[in-house]
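Under numbering that gives the first Met the number 0, residue 196 is the last one in the sequence shown; the count climbs by one each step, no gaps. Ideal placement from N, C-alpha and C gives every residue a C-beta, glycine not left out.
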Amino acid sequence: MLHPQGVRDRLLLVLPMPQFPMTDKALEKLKHQNAIALENFKWEKKKEELSFLEAGQHLRALNQQLWQVPGMAIAVTGGIWYGAISISYDLPKLLAFCFAATVDLITIIVLIRLRSIIQIQINLQNKFNDIQPEENWATSGKGWIVVTCWSSLLALAAILSILAAANIEKIETSKPAQTQTTTNNYLYPQKVEIIEK
């Protein structure tokens, strides 16, 4: 962040004070020195601005991943559960439920690591904005609410997967028998068989 007073003070410290009497040659030399100092100062501020924008883009990308990863893991878990229930043998069911629990537990670890990387980016952004850590609410633990909620859901899914794997014999895959009924078709004099699922 640019502070106008600080910029003026830094420029005054860098620029030499003119000495009198000033000749044309000394004036040109002073102009040249001032132009170089100003360009160096502008370039330094431009580099800081580019670093700030890049850090902001990294933070947005990490935040997007923080919201996408748990949803994908829960969708994968649901698909594995559906597939495991439709399997008729016990060993593949057991392996599928164990795999689902493993995916959920690893995703919790990934979320915690992702949030710690986000905290590094937040600290970097705060350094650009001259925000002291004591003033920052994220250091008090309040910034972990989303990770806590997602981790709770993933832990619950992992526990359910482990319980299903432990009680594999109670999970049945019997399909209802198909019933055939005969219906009279009054528009055409023939019988139509309907198979209900």
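Mind checking whether I107 and L153 have CB atoms under 7 angstroms apart? Contact: yes.
Do the region 83-97 and the region 118-131 touch if we need at least three Cβ pairs shorter than 8 angstroms? Because the criterion of three Cβ pairs below 8 angstroms is not met, the region 83-97 and the region 118-131 do not touch.
Any C-beta of chain B under 7 angstroms from that of L93: No chain B appears in the structure shown, which is made up of a single protein chain.
Taking buried to mean at least 16 other C-beta atoms within 10 Å of its own C-beta, is D23 buried or exposed? Result: exposed.
Which whole-angstrom value describes the C-beta separation of L110 and V68, a residue pair presumed to lie in contact below a C-beta threshold of 8 angstroms? About 7 angstroms separates the two Cβ atoms, so the contact holds.
So, using beta-carbon positions, are L123 and A54 closer together than 7 angstroms? Contact check for L123 against A54 passes: the beta carbons are separated by less than 7 angstroms.
Would a C-beta distance cut-off of 7 angstroms place A99 and S160 closer than the cut-off? Their beta carbons are under 7 angstroms apart, which means A99 touches S160 by this criterion.
Selection from S150, W66, Q56, G78 that minimises the alpha carbon distance to I105: That would be S150, whose Cα lies nearest to the Cα of I105.
Please name the residue, chosen from V145, F127, P91, I144, that lies closest to E47 on a Cα-to-Cα basis. Minimum Cα distance to E47 is reached at F127.
Leaving out five residues before and five after L93 in sequence, what residues of the same chain have Cβ atoms less than 7 angstroms from its Cβ? Counting only Cβ-Cβ distances below 7 angstroms, and skipping sequence neighbours, we find A164, I167.
Does the separation of the CB atoms of I79 and A60 fall below 7 angstroms? In this structure, A60 does not lie closer than 7 angstroms to I79 by Cβ.
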